[in-house]
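Trainee:
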Amino acid sequence: MNKKEAQQLIDRYLAGHADARERALVERWYERKSAHERLRDADAFEHLADELWTGTKLRAGINIVQDTGITKSARLWRQVAVAAAAVAAITLGTWLYVNELASSRNASRNDEVVVNDIAPGRNTATLTLPNGKTIKLSDAKTGLVIGDKSLTYTDGSSLRGAFSDEAIFSNNDVMLTATTPRGGTYQVTLPDGTRVWLNADSKISFPSQFTGKQRKVLMEGEAYFEVAKLTRSSLRGRSGTLQSGSNAVQNGNERVPFIVETKRQTIEVLGTHFNVTAYADEHRVMTTLLEGKVKVIESGDSMTLAPGEQAYSDGDGLRGLKTDDLEAVIAWKNGQFMFTDEDLQSIMRKVARWYDVEVVYEKGFQNRGLVGTISKFENVSKVLKMLELTGTVRFKVEGRRITVMK
């Protein structure tokens, strides 16, 4: 949630125009008392409220009556708005002010988190060649480009390693695999010009050249795709030849479909932008369409998505959803953690993959939904402190293990 959205949400809530979901979000923030629960008395809370109201500039056009005769109802209304503003401040990166006040109550525990800090993930990946040899891709580069007859980085520089471009591109059936570890991310441009962003702990396998009647890749983990639109004639121009026996070769203007295979879903694409989440430790595979049109297939069932729609598989068939929160779906690609009423365990799985840590749970912890946004390039201590400000969870960091406490 950015500043503009936070302002609009508060404005709609106080004007009585918020829908059920928006009211639930604002009231959940207030119920958790993320700011004032950490202060000892009402006067201190009122002081914090005034500081937040002015200092974060999140008035959202709201006029508060400064009157000693203000009703209890109006006071509660104002406090709800202030609590919402506090969380919006967190989202905008100004939550450090609130945390400074809170840390005076839990200094020793917060110091422990900082002392045991863990750096964020970075650009890092490997490329596995057909002979099984693995090349470590440069951490100083942002992406890999599979060219017509060469492998380069996105800045045009060459890969250096014990391999031959000629050996890789001499056979159309040669498969390459790009893999990101836990704590890694990388961009890969495929032979057809399709761009793929890999999230942490993910992989994609693809041919060194696309030929024939389809472009097919295999993936695990999470990836965002911007698929190049391609016709038979343009494919022939890229790869030199098309596989014989393909009836579709007769029509040079026919679109060449792009196929993504995951453990549960097959996604058929002609040219579009979409996100696929298919981690082994997640109970469902999710495809989200941002632009264009895709067909999702699972075990004989199929579903065609329009922008803003999702298809998920959870072992009990293929189901569809509509989302208005596409920004949150691809936040990882844009360098952010963005949570919209997301349960704590789901959040911590993302933290574990990005920071390459082990997460354990203390008995009795509450797996509640949380709201917030923060850069993925902060150290883990800042992410954990943001979550602690909800007042519903605490953390202990020991080496590369994070314990979630009730």
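The sequence shown begins at 234 in this note's numbering and counts up one residue at a time.
For every residue, glycine included, the Cβ atom is placed at its ideal position computed from N, Cα and C.
Since the model is a prediction, treat every value here as computed from it, not as a measurement.
May I have a chain-ordered list of the beta strand (DSSP E) segments no shorter than 3 residues that lie completely inside the region 547-595?
Mentor: Listed in chain order, the complete beta strand (DSSP E) runs (minimum 3 residues) inside the region 547-595 are 551-555, 569-576 and 591-594.
Trainee: Give every residue of the same chain whose Cβ lies closer than 6 Å to the Cβ of residue 421, excluding the five residues on either side of it in the sequence, and list them in chain order.
Mentor: Here residue 421 refers to the residue found at position 188 of the sequence shown. Answer for residue 421: 377, 411 and 429, listed in chain order.
Trainee: Pull up the distance between the alpha-carbon of residue 595 and that of residue 639, whole angstroms please.
Mentor: On the sequence shown, residue 595 is found 362 positions in, with the first residue counted as 1. On the sequence shown, residue 639 is found 406 positions in, with the first residue counted as 1. About 7 Å.
Trainee: Which residues in the same chain as residue 552 place their Cβ atom closer than 6 Å to its Cβ, once the five residues preceding and following it in sequence are excluded?
Mentor: Position 319 of the sequence shown, counted from the start, is the residue given in the question as residue 552. Same-chain partners within the cutoff: 545.
Trainee: According to DSSP, simplified to helix, strand and coil, what is residue 621?
Mentor: Within the sequence shown, residue 621 is the residue found at index 388, counting from 1. Residue state, collapsed to three classes: helix.
Trainee: If you pair each beta-carbon of the region 452-461 with each one of the region 502-514, do three or more pairs fall below 8 Å?
Mentor: Cβ pair count under 8 Å is three or more, so yes.
Trainee: On the criterion of 16 or more Cβ atoms from any shown chain inside 10 Å, does residue 632 qualify as buried, or is it exposed?
Mentor: If you number the sequence shown from 1, residue 632 lands on position 399. Residue 632 is exposed by the Cβ-count criterion.
Trainee: Taking only runs that begin and end inside the region 340-387, name each unbroken beta strand (DSSP E) of 3 or more residues, in chain order.
Mentor: Entirely contained in the region 340-387, the beta strand (DSSP E) runs reaching 3 residues are, in chain order, 359-361, 367-369, 376-379 and 384-386.
Trainee: Let's see if you can read the secondary structure: which residues bound the beta strand (DSSP E) around residue 605?
Mentor: Working through the sequence shown from its first residue, we reach residue 605 at position 372. Counting along the chain, the beta strand (DSSP E) containing residue 605 begins and ends at 602-608.
Trainee: I'd like the list of long-range same chain contacts for residue 591, defined as Cβ closer than 8 Å, with 5 residues on each side in sequence excluded.
Mentor: As a working mapping, residue 591 is identified with position 358 in the sequence shown. Excluding residues within five positions, the ones whose Cβ falls inside 8 Å are 585, 633, 634 and 635.
Trainee: Beta strand (DSSP E) containing residue 457: first to last residue?
Mentor: Residue 457 sits at position 224 when you count from the first residue of the sequence shown. From DSSP, the beta strand (DSSP E) with residue 457 extends over 448-459.
Trainee: Just mark residue 186 as buried or exposed, buried being the case when its beta carbon has 16 or more other beta carbons within 10 Å.
Mentor: Past the boundaries of the shown model lies residue 186; the chain is included only from 234 to 639, so the question cannot be answered.
Trainee: Using the Cβ count rule (16 or more neighbours within 10 Å means buried), how would you classify residue 390?
Mentor: Your numbering for residue 390 matches position 157 in the sequence shown. Under this definition residue 390 is an exposed residue.
Trainee: Could you please give the first and the last residue of the uninterrupted beta strand (DSSP E) stretch that includes residue 511?
Mentor: Here the question's residue 511 lines up with position 278 in the sequence shown. Start and end: 506-511.
Trainee: Using only the alpha-carbon positions, how far apart do residue 380 and residue 424 sit?
Mentor: Reading the sequence shown from its first residue, position 147 is the one you call residue 380. Reading the sequence shown from its first residue, position 191 is the one you call residue 424. C-alpha separation (whole angstroms): 6 Å.
Trainee: Just to check my reading of the structure: residue 496 and residue 511 have Cβ atoms closer than 8 Å, yes? What is that Cβ distance to the nearest angstrom?
Mentor: Locating residue 496 in the sequence shown gives position 263, counting from the first residue. Locating residue 511 in the sequence shown gives position 278, counting from the first residue. Going by Cβ atoms, the distance from residue 496 to residue 511 rounds to 6 Å, so yes, they are a contact pair.
Trainee: Between residue 449 and the rest of its own chain, which residues show a CB-CB distance below 6 Å, the 5 nearest in sequence each way excluded?
Mentor: Within the sequence shown, the letter at position 216 stands for residue 449. Cβ neighbours of residue 449 beyond the five flanking positions: 492.
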